[in-house]
Each structure stands twice: as structure tokens, then as C-alpha cells.
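Peer 1:
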Amino acid sequence: MAEEHIISSPLSNVFIPSHLNIYQFFCENFDQYGDKPAITDAHSGLTLTYKMLKQQIRQCGSALRRAGFKKGDIFAIYSPNHPQYPVLIFAVAAIGGIVSTINPLFTAEEVIQQMKLSSAKYLLAHSSNAANAIKVDKTLNLRGLYVFGEEKGVTSFDTLIQDDGAFFKPDATIDPINDVVMLPYSSGTTGIPKGSVMLTHYNLIANFAQLIHPDVKVFDSDAPVLALLPFFHIYGLVVILLAGLRVGAHLISYLRFEPEVFLQSIEKYKIKYAPLVPPLYVFLAKTPLVEKYDLSSLQETMCGAAPLDYDLSQTVRKRVGLSLVRQVYGMTELSPLSHMGKRSDKDKLGAIGIVVPNTKAKVVDIETGRSLPEHQRGELCIRGPQVMKGYLRNKEATDRTIDKDGWLHTGDIAYYDKDGYFYVVDRLKELIKYKGHQVAPAELEALLLTNPKVADVAVIGRPDDDAGELPMAFIVRSGEITKQEIIDFVKDNVNPQKYLRGGVEFLDIIPKSASGKILRNQLRKRIKESTSL
Ligand code: 4UV
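Listed below in C-alpha cells is the structure:
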């Protein structure tokens with residue numbers, strides 16, 4: 328039998344409580360943190376202390392129970408980062424409900440699609456999304472619709488906070504290992520949207536326990552943390568929001584990215600830790616605004632969601648005066664972390680890091696499935712307590728992603744070195760990452776095929792220094808249509824992250840395999856050749 332090459336975490340195992348739900352676990356210390364600020368909106372200065380958070384969770388949970396919300400019900404949240412975001416999460420979780428997080432830039436149709444897939448019957452939207460939320464309500468006939476802020480014709484979230492809290496009752500029957508609590512959206516590994524990723528209470532608690540191991544930990548004190556990355560995405564949700572609150576950090580949150588507000592707030596709140604994505608390093612490397620503010624409080628950044636260029640990371644490190652810049656690697660289906668750079672390592676910055684505690688990784692040959700030794704490229708697979716329960720109501724996709732031995736196949740091509748550091752070098756899956764956001768090619772292809780002048784189509788990511796990748800389409804026409812008309816057609820139907828910023832090219836035929844699969848590599852090669860001319 329061939330030798331198995333499995334890499335166990337080089338770190339000691341951590342203890343993962345399996346008897347607590349996420350409300351009990353993440354809010355455990357709120358009483359002790361008391362009047363300390365928990366979360367501040369950088370634009371308005373609105374702040375919730377830990378004491379206020381605890382109280383509002385109680386009031387919201389009580390009001391939701393009075394409104395008939397019960398264990399197993401699904402509550403969708405469609406909002407940019409807002410100080411009360413965690414109020415809803417923990418109130419719903421305590422009752423035994425499930426939270427489905429929705430990208431605040433989604434169109435009404437995209438929200439309807441996600442809510443239909445998850446069967447969510449309750450929605451909390453930000454007031455800036457109220458018009459879309461009302462459309463969603465008309466289509467899905469929701470049981471409850473609320474907004475952050477005030478908006479005519481919709482119940483304000485604050486009405487829930489006016490409850491006396493008497494009806495709040497954490498559910499005693501939650502089974503943390505098996506009960507799902509979070510349903511983030513992911514397009515999965517084949518590019519066809521899979522819908523909701525089922526994460527259990529235990530998955531989220533496990534990932535927190537893993538990321539605070541002393542050798543890798545994200546926050547080593549309760550100093551202010553930048554909460555700019557969106558809470559609807561698993562990185563912002565777990566690594567910033569849940570982890571930050573559990574350790575008593577002061578989170579500075581943003582409704583949107585405004586360069587001056589962002590830099591000013593680092594100076595004002597003396598932000599020390601900043602979880603980032605690559606486009607923010609590009610911003611910090613290039614903007615002259617950096618010279619205008621005192622950013623000396625900023626000490627540690629981490630970067631994930633897409634590859635970080637080593638030279639870029641060094642430029643930012645020097646320019647801002649950071650003591651730690653490291654990569655982390657995650658995936659929605661991994662709650663999200665499997666790899667992190669060690670706090671002590673300064674020389675491995677091209678790597679995504681080592682395997683986090685209680686986790687195993689292997690790299691398998693994509694043809695034979697056999698595990699590979701050092702320095703050989705293949706598909707990265709992960710096994711550990713953070714691996715999702717599966718895709719909601721999609722057993723086939725679940726079985727294709729998690730094999731019978733419990734290995735989650737990431738769809739990323741990687742290798743590892745003799746010290747157990749992993750390097751992601753390519754993507755096997757079709758997913759496009761625009762500024763760290765998921766764009767599923769199959770979704771755009773399906774949309775473009777609804778245009779009567781499009782006979783066939785393939786969408787890929789065009790490499791881009793600032794955004795990582797830009798969605799672009801190869802089109803076979805069946806009628807008169809211009810490139811601009813195609814770009815506008817997409818703009819009219821999807822959220823801005825999915826626009827065809829990489830452009831459109833016309834072809835006579837889309838290259839396909841005998842089984843009809845689009846040969847995306849040929850198209851990517853074509854782009855590479857045309858840009859290197
Ligand atoms: O499912 P998803 O959108 O999930 C993420 C999660 C990212 C992170 C990053 C840092 C954290 O601390 C954390 O908790 C979560 O992006 O997309 C997963 C895919 O994104 C690519 C890779 O293709 C994954 O399968 N990706 C994520 N991190 C990296 C990366 C990285 N460091 N380098 C290259 N690609």
C-alpha cells in the first residue's frame with residue numbers, strides 16, 4: 328500500500344467545549360466586561376457596551392419568542408456591519424434558531440433566491456436596504472420583517488429592544504454538536520451556487536478555540552480591533568465579531584468603506600489589530616492619505632480570503648510600521664480557518680501558515696486521489712472539528728465535498744514544505760474571487776444565457792493587481808449585441824461585485840471537453856497570452 332502523507336497540526340491540541348451553545352460560549356464574559364465598549368460604529372460613534380449588548384440580546388430574544396420565533400426557525404440578516412448585528416445573532420442562537428447571513432449588496436432577487444434556498448421566514452435588513460426588503464416580503468410573505476434604523480412602513484429593530492426581556496429563555500435542548508446555528512452562503516467548489524453552508528454551534532466554538540492557541544492567536548489582548556470586513560462573510564463573522572466579543576475587544580465597525588473615515592478611526596480609536604483582505608493592502612500601499620494620519624497604534628494585520636503578494640505585504644509593513652503581517656487561510660465550509668501564520672515567524676510570509684490545532688491536512692493528486700509528499704502540488708484537503716456539517720438540503724454536493732473519511736476537499740491547489748508550512752498556488756474550483764468576495768461563474772453564465780442574443784458563454788476571473796480577479800465573459804453571439812450591452816445587461820441583474828469588470832470577448836465557440844465541461848484553463852491561458860503581448 329502506498330504511504331499516506333498526512334500533516335497534523337504541529338501545535339498542541341486545544342480544549343473544545345462541546346456542551347455549550349454559541350450564546351453561552353461567546354457571551355460568557357459579558358457581565359465581567361460590563362461597561363467596556365464592545366462595538367462602535369465609526370461613522371456615527373454609536374457604541375454598545377458589553378452590558379448593553381447582554382441586555383439587548385435578552386430583550387430581543389424575549390420579543391422574538393413573543394412573536395412566535397422558535398427553535399429551528401431561520402432568521403436572515405441583510406445588513407452592512409452595524410453595532411446591533413450581534414444582538415440578533417445571539418438572541419436567535421440562544422432560542423435555538425438559525426441565522427442566515429446575506430450580502431448587503433445583493434439585489435432583491437438575489438436575496439429571494441438565498442432565502443428560498445434556506446427557507447428563512449424572518450428578515451432583518453438595514454434601512455438602506457428597506458426597499459429591497461419590502462420586495463422580498465411581498466414575494467416570500469415573511470413572518471417577520473425588521474430594519475435597523477427607521478423606515479416608513481417597516482418595523483424598526485428597536486421595537487424589539489423595547490421588550491422587558493421577561494420572555495427570554497435560552498433553549499435547554501440545543502445539541503451543540505449536531506444543531507446548526509449559522510447558514511452563511513457559499514458557491515462551493517464547482518461554481519454552481521450551493522446555497523447555505525450548515526455550521527453548528529460546535530463548529531464555531533471549535534474554530535475560536537483553534538485561533539486563540541498562543542502560537543497563532545489573533546488577538547493577544549482586548550485592544551481595539553478593526554471590524555471593516557463584512558459580518559455576513561465567515562471571516563468577519565467568526566474571526567472578528569465572535570472572537571473579538573469573546574475576548575472583550577473593542578470592535579470598530581463600518582457601514583461602508585470610506586478612506587478618510589477608515590484611516591481617521593485608526594488614529595481616533597487607537598486600533599491595534601486589523602484583519603484585512605488583499606485590496607486593503609493595495610490601498611494602504613498606495614494612498615497618499617496614509618501620511619495624513621497617525622497610524623502608529625496599528626501593530627498587527629492578518630490577511631486572508633485571497634492570495635497576498637509578498638512584496639505588497641512588505642511595502643505595507645514598512646509604510647505603516649507593523650510588527651506582524653501574516654496570512655491566514657480559510658473557507659466558509661471550514662468555519663472558516665484551517666491555516667494561520669505563526670506569531671513568531673517572520674520568514675514564511677509567502678505561506679498561508681501551518682495547520683491550526685486539532686486539525687489534519689493533506690495534499691492529494693487530482694487524478695489519483697493519492698496523498699502527496701512535500702513540495703508536490705495537489706488538492707488541499709482538511710479534516711477537523713471546524714469542517715461544516717454539509718450544504719443545506721444538498722446531499723450530493725455535500726458528499727462530493729466531504730469524502731467518506733471526513734476530508735473536506737477545498738478545491739484549492741497547494742503544496743507544503745518540510746516545516747509544515749502550506750502554500751496555495753492555484754484554484755481547481757471555478758470560483759472567482761473579486762476583492763475577496765465570491766463570484767460563481769455558473770450563476771453569471773446562467774444569467775447571460777437568458778439573453779436571446781447570447782448563444783453560449785463562459786465566465787472566468789481575469790487576474791488583476793488591485794482586485795485579485797475580475798469577472799469576464801467569453802460570449803458566442805446569436806444576434807447583434809455589443810460588448811457594452813452585455814456588460815449593462817449583467818449590471819441590471821446582479822449586485823456590483825458580480826459586474827463584468829474584466830470585460831467581454833466574443834468567440835466562435837466555447838472550448839469544451841467531450842463531456843461538455845467548459846475548458847476554463849484554455850480560456851485563462853488565452854487571457855494570459857493576450858496580456859503578456
Ligand atoms: O468561502 P470563502 O469566501 O472563505 C474565505 C475565508 C477567508 C478567511 C480568511 C482569513 C481568516 O482568518 C478567516 O477566518 C477566513 O475567503 O472562500 C474560500 C476560498 O478563498 C480562497 C481559497 O480559494 C478558498 O478556497 N482563499 C482564502 N484564503 C486564502 C485564499 C489565502 N490566504 N490565500 C489564497 N486563497
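Residue numbers for the sequence shown, in the working numbering: 328 to 860.
We treat Cβ as the ideally placed atom computed from N, Cα and C, and that holds for glycine.
Since the model is a prediction, treat every value here as computed from it, not as a measurement.
In the DSSP output, what is Glu-627 paired with across the bridge?
Peer 2: Its beta-bridge partners are Tyr-600 and Leu-651.
Peer 1: Please tell me whether, using a cut-off of 8 Å, the distance from the CB of Gln-897 to the nearest non-hydrogen atom of the ligand 4UV is below it.
Peer 2: Shown here, the chain extends from 328 to 860; a query on residue 897 therefore has no answer.
Peer 1: If you scan the segment 788-825 from start to end, which runs of the alpha helix (DSSP H) of 4 or more residues do you find wholly inside it?
Peer 2: If we require 4 residues or more, the alpha helix (DSSP H) runs fully inside the segment 788-825 come out as 810-818.
Peer 1: Once the 5 residues before and after Glu-331 are set aside, which same chain residues still bring their CB inside 7 Å of it?
Peer 2: Answer for Glu-331: Ser-698, listed in chain order.
Peer 1: Compute the Euclidean distance between the alpha carbons of Gly-795 and Lys-852, then round it to the nearest angstrom.
Peer 2: Roughly 17 Å between the two C-alpha positions.
Peer 1: Could you name the residues that DSSP lists as bridge partners for Arg-754?
Peer 2: According to DSSP, which records beta bridges pairwise, Arg-754 is partnered with Asp-739.
Peer 1: My parser needs the alpha helix (DSSP H) runs of 4 or more residues fully inside the segment 523-592; what are they?
Peer 2: For the segment 523-592, whole alpha helix (DSSP H) runs of length 4 or above, ordered along the chain, are 528-538 and 570-574.
Peer 1: Just to confirm, is the Cβ distance from Phe-484 to Leu-451 under 9 Å?
Peer 2: Result yes, Cβ atoms of Phe-484 and Leu-451 sit closer than 9 Å.
Peer 1: Going straight from the alpha carbon of Asn-534 to that of His-560, what length do you get?
Peer 2: C-alpha separation (whole angstroms): 15 Å.
Peer 1: Sort out for me which residues DSSP pairs Ala-785 with in a bridge.
Peer 2: Per DSSP, Phe-801.
Peer 1: For the structure I just gave you, are there three or more beta carbon pairs, one from the segment 398-414 and one from the segment 427-443, closer than 8 Å?
Peer 2: Counting Cβ pairs under 8 Å, three or more are found: they touch.
Peer 1: With three or more beta-carbon pairs closer than 8 Å as the criterion, would you say the segment 332-346 touches the segment 677-690?
Peer 2: With a cut-off of 8 Å, the segment 677-690 and the segment 332-346 count as touching, because enough Cβ pairs lie within range.
Peer 1: Three or more beta-carbon pairs under 8 Å between the segment 574-582 and the segment 604-617, yes or no?
Peer 2: No: the two stretches stay apart, fewer than three of their Cβ pairs being nearer than 8 Å.
Peer 1: Which of the three DSSP states, helix, strand or coil, is assigned to Asp-726?
Peer 2: Note: Asp-726 maps to helix in three-state DSSP.
Peer 1: Put Pro-605 into one of helix, strand or coil per three-state DSSP.
Peer 2: In the structure shown, Pro-605 sits in a helix (DSSP, three-state: H, G or I).
Peer 1: Is it true that the segment 590-603 meets the segment 778-798, where meeting means three or more beta-carbon pairs spaced less than 8 Å apart?
Peer 2: Too few Cβ pairs lie closer than 8 Å, so no.
Peer 1: Measure the Cβ-Cβ separation of Ile-349 and Ile-532 and say whether it is below 9 Å.
Peer 2: In this structure, Ile-532 lies closer than 9 Å to Ile-349 by Cβ.
Peer 1: Let me check one thing: in DSSP terms, what residues is Leu-451 bridge-paired to?
Peer 2: Note: Leu-451 sits in a beta bridge opposite Ile-404 and Tyr-473.
Peer 1: Leaving out five residues before and five after Ile-679 in sequence, what residues of the same chain have Cβ atoms less than 6 Å from its Cβ?
Peer 2: Here the set comprises Gln-654, Tyr-656, His-666, Phe-749 and Val-751.
Peer 1: Exposed or buried, Gly-424, counting other C-beta atoms within 10 Å across all chains shown (16 or more means buried)?
Peer 2: It is buried - the Cβ of Gly-424 has at least 16 other Cβ atoms within 10 Å.
Peer 1: Nearest to Asn-543 by alpha carbon, out of Arg-670, Val-617, Leu-432 and Val-643?
Peer 2: Per the sequence shown, the amino acid found at residue 543 is Val instead of Asn. Of the candidates Arg-670, Val-617, Leu-432 and Val-643, the one whose C-alpha sits nearest the C-alpha of Val-543 is Arg-670.
Peer 1: Based on Cα-Cα distance, which residue from Ala-773, Asp-819 and Lys-825 lies nearest to Arg-789?
Peer 2: Out of Ala-773, Asp-819 and Lys-825, Lys-825 has the C-alpha closest to the C-alpha of Arg-789.
Peer 1: Use the C-beta contact count for Thr-809: other C-beta atoms within 10 angstroms, 16 or more gives buried, fewer gives exposed.
Peer 2: Classification for Thr-809: exposed.
Peer 1: Would you kindly work out how many angstroms separate the C-alpha atoms of Gln-641 and Val-647, rounded to a whole number?
Peer 2: Approximately 10 Å, taken between the alpha carbons.
Peer 1: Could you check if Cys-630 belongs to the surroundings of the ligand 4UV, using beta carbon to heavy atom distance under 8 Å?
Peer 2: Cys-630 Cβ: within cutoff of the ligand 4UV.
Peer 1: Which residues share a DSSP beta bridge with Pro-344?
Peer 2: DSSP, once it has assigned bridges, lists no residue as partnering Pro-344.
Peer 1: Say the cut is 8 Å; is the CB of Glu-585 nearer than that to a heavy atom of the ligand 4UV?
Peer 2: No; taking the cut-off as 8 Å, the Cβ of Glu-585 has no heavy atom of the ligand 4UV nearer than that.
Peer 1: So the alpha helix (DSSP H) Met-463 belongs to, where does it begin and stop?
Peer 2: Note that residue 463 is Val in the sequence shown here, rather than Met. From DSSP, the alpha helix (DSSP H) with Val-463 extends over 457-467.
Peer 1: Here's a check: name, in chain order, each residue in its chain whose Cβ is nearer than 6 Å to the Cβ of Gln-441, leaving out the five neighbours to either side.
Peer 2: Excluding sequence neighbours, Gln-441 sits near Ile-429 and Tyr-512.
Peer 1: Relative to the C-alpha of Lys-622, which candidate in Lys-599, Asp-636, Leu-635 and Leu-827 has its C-alpha closest?
Peer 2: In the sequence as displayed, the identity of residue 622 is Leu instead of Lys. Closest option to Leu-622, Cα to Cα, is Lys-599.
Peer 1: Could you check the C-alpha separation between Phe-475 and Gln-386 for me, to the nearest Å?
Peer 2: So the two alpha carbons sit approximately 15 Å from each other.
Peer 1: Give the single residue among Leu-553, Pro-615 and Phe-584 whose Cα lies nearest to the Cα of Glu-594.
Peer 2: Of Leu-553, Pro-615 and Phe-584, the residue nearest in Cα terms is Leu-553.
Peer 1: Out of Tyr-718, Asn-408 and Leu-380, which has the shortest C-alpha to C-alpha gap to Ser-371?
Peer 2: Per the Cα distances, Asn-408.
Peer 1: Any heavy atom of the ligand 4UV closer than 8 Å to the Cβ of Gly-522?
Peer 2: Checking the Cβ of Gly-522 against the ligand 4UV gives no.
Peer 1: Helix, strand or coil, according to DSSP, for Ala-841 in the structure here?
Peer 2: Of the three classes helix, strand and coil, the one that applies to Ala-841 here is coil, per DSSP.
Peer 1: Between Leu-719 and Ser-514, how many whole angstroms is the CB-CB distance? I'm expecting something under 8 Å.
Peer 2: 14 Å between Cβ atoms; not a contact.
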